[in-house]
Every structure is written in structure tokens, then in C-alpha cells.
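Per this note's numbering, residue 497 is the first one in the sequence shown, and the count goes up by one each step. Ideal Cβ placement from N, Cα and C applies to all residues, glycine included. Everything on this sheet refers to the single structure shown next.
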Amino acid sequence: MSGFVEPPEARYWRGLGFLLVSSVGFGLAPTLARLAYDAGSTPETAILMRFTVATMVVTLLLRRLGRPLRLAAGDRRQAIGIGLLAGVLSYGYLSAIIHIPVSVAALVFFTFPAMVAGAAHILGQERLTLLRAAALVTAFAGIALVVGMDGGVAAGRRALDPLGLGLALMAALACATSILWTSRLLRRADPLVVNAHAVLTAAAAYLLLVAIQGGPAWPATALGWAGLGGASLVYAIGFTTLFLAVRLLGPVRVAALGNIEPVIAVGAAVAVLGETVTWQQGLGILVVLAALVTLQLRDPRP
497 MSGFVEPPEA
507 RYWRGLGFLL
517 VSSVGFGLAP
527 TLARLAYDAG
537 STPETAILMR
547 FTVATMVVTL
557 LLRRLGRPLR
567 LAAGDRRQAI
577 GIGLLAGVLS
587 YGYLSAIIHI
597 PVSVAALVFF
607 TFPAMVAGAA
617 HILGQERLTL
627 LRAAALVTAF
637 AGIALVVGMD
647 GGVAAGRRAL
657 DPLGLGLALM
667 AALACATSIL
677 WTSRLLRRAD
687 PLVVNAHAVL
697 TAAAAYLLLV
707 AIQGGPAWPA
717 TALGWAGLGG
727 ASLVYAIGFT
737 TLFLAVRLLG
747 PVRVAALGNI
757 EPVIAVGAAV
767 AVLGETVTWQ
777 QGLGILVVLA
787 ALVTLQLRDP
797 RP
């Protein structure tokens, strides 16, 4: 019905559903990508595949829905910028774990919700309430427990390389900037169309990068291929639904509620890679879930 206006409560829950799907996709992607790396693939190849698959998925979805791919010239330039930021984010995060422990990279990367909340408040995009601020701090404390505050350094597993820390911080800044930028653009533009232009830009950039490096490094085993394909598909779904969630929920809610992602990542690592969960990680998971449930129950609806 052309005159239908979606009730705010329904809009909120629909956005929450999209965000949950996005978090599951992003949470599963690193574990699946690890299977590809163990079989001889590289971050650049994995990133090229994820954006190529994302381009195919969102383009097919737009065709199915009968929506045109056109954007106004100014909006198209912004979508290209968002796509380049997505490429920077992926490169920073997946390259950081080559230089520093994964737990440290995750802890640095997940400073982005606080960046989003603070910047959105300063820019007047969305008010940072006391409840939201408390939920962000509590969730981050839980994440610190989940990934391990010492990052494995105390056990002597790996020293902290400033380059790795810088790459993880670069990824966090790119993620925060992307969410804030996207939320402004999606006030007037179709999120799926913006997504299509963004992932196509990132795919083209990485196609050039991989070509310069001499071509893609494909996995050498069937399990590696399954990991590469699976990581690409779940990332494509996660990236697409993230755009929809940002439009429906706003940047601060997306940043705060998206803290569930590292919890999902730990669960995936346990299930797929055989990693174990310590009591500290279990406590951290409970802290994150408690913060998100509190935010969900007490935060005022739009």
C-alpha cells in the first residue's frame, strides 16, 4: 500500500533483526576465513572474494526487487567513498592479525562503538544517553574479557608490534567513519543501491591490488575453498543487512548492539576450529549479553 507508514516499534524490531543477521555474518567470517588461510590463501584474496560475492548478492537482490542501480551523482561519489572505507577496514583488520595476536586486534578494533557514539553525539546525529554510554562501557569490558586483556603477551606468545596496533586502529576508525557516513547518506538514498555501489568499488580496488601482487592465492584444499566461499557469503549478507540496520536504528544503536559480534566470533571459533572457552571468556560473554539485554529493554524506542 503506497500510503503505508511503518510504526516506529515495528521499524525498531525490523532493524534489530537485520542487525542480528549482520552480526552473525561478521562474527562467522573470520573463522571461515581462517580455514582458507590455513590452506594457503591470503587476506587480499579473501577480501577480493568477499566483495565480489557481495556485489553479486546485492545486484541479484536489486534485480529481484525491480529497483534501479542508479544514484544521484553526489550520492554515487559518497557510496564510492564508503566502499573504499570498507576496503580499508577489511585490510586493516585482517592484516593486523599477522603482526599482533587476534585478541589484541579484536580489542583495538572494537573501540569503534565508542567512537561512533561520541562522534554522533558531537555531530548532533544521535543523542548519547547515560544508559547507552553505560551499556557501551560495560559491553567493551565484557569484550576485553572475551578476547583476553593480556592478548597472549603474558604467556609470551607474541610481542605487540606497533604496526599491528596501527592497522587495527585504522580498521576501527574506518568502521566508525563508515557507519556515521552511511547513516547520513541513507536518510535519502536506498540502502541496497548504496551498498551495491560500495561493494563494487571495493571489489574493483582489490581486483587491482591482487593483480599487482601477481594474482590471487587460492586455497589448496576443499576445506579451504569451503572456508573462502563461506566467509565471502556470510560477509556479503552481513554487509548488506548492516546498511539496512543503520537506516532503521541509527548509528549509535547499531554500534552498541553490534557488540554481540565478537561473542559470536568466539562461539564460531569454538565450534569450527576447536578452540576452548575459559572461565574468563565465559564471564565476558555474560557481561556483553547483560549489557545488550539491558539496552534492549530500557533504551527508549525511536
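Residue i versus residue j - alpha carbon distance
i: residue 566; j: residue 542; result: 28 Å
i: residue 730; j: residue 637; result: 27 Å
i: residue 698; j: residue 592; result: 19 Å
i: residue 510; j: residue 747; result: 15 Å
i: residue 583; j: residue 574; result: 14 Å
i: residue 745; j: residue 512; result: 7 Å
i: residue 674; j: residue 581; result: 6 Å
i: residue 590; j: residue 716; result: 20 Å
i: residue 696; j: residue 576; result: 8 Å
i: residue 596; j: residue 603; result: 11 Å
i: residue 640; j: residue 568; result: 42 Å
i: residue 628; j: residue 535; result: 42 Å
i: residue 544; j: residue 522; result: 16 Å
Residue i vs residue j beta-carbon contact at 9 Å
i: residue 676; j: residue 619; result: yes
i: residue 517; j: residue 737; result: yes
i: residue 524; j: residue 726; result: yes
i: residue 765; j: residue 515; result: no
i: residue 615; j: residue 790; result: no
i: residue 610; j: residue 701; result: no
i: residue 539; j: residue 508; result: no
i: residue 553; j: residue 733; result: yes
i: residue 739; j: residue 664; result: no
i: residue 527; j: residue 768; result: yes
i: residue 519; j: residue 753; result: yes
i: residue 671; j: residue 608; result: yes
Burial state of residue i (16 or more Cβ within 10 Å)
i: residue 578; result: buried
i: residue 647; result: Legend: pLDDT at residue 647 = 49, less than 50; position of this residue unreliable, no value from coordinates given.
i: residue 777; result: buried
i: residue 622; result: buried
i: residue 683; result: exposed
i: residue 633; result: exposed
i: residue 708; result: exposed
i: residue 743; result: buried
i: residue 505; result: exposed
i: residue 687; result: buried
i: residue 758; result: buried
i: residue 749; result: buried
i: residue 678; result: buried
i: residue 659; result: exposed
i: residue 710; result: exposed
i: residue 720; result: buried
Item to check | Whole beta strand (DSSP E) elements within the region 588–628, 3-residue minimum | outcome: List check, beta strand (DSSP E) in window: nothing returned.
Checklist entry - Taking only runs of the alpha helix (DSSP H) that begin and end inside the region 728–796, which ones reach a length of at least 4 residues, in chain order? => result If only complete runs of 4 or more residues are kept, the region 728–796 shows the alpha helix (DSSP H) at 747–753, 756–769, 775–794, in order along the chain.
Item to check | Complete runs of the alpha helix (DSSP H) confined to the region 675–719 [at least 4 residues] | outcome: The region 675–719 contains these whole alpha helix (DSSP H) runs: 687–708.
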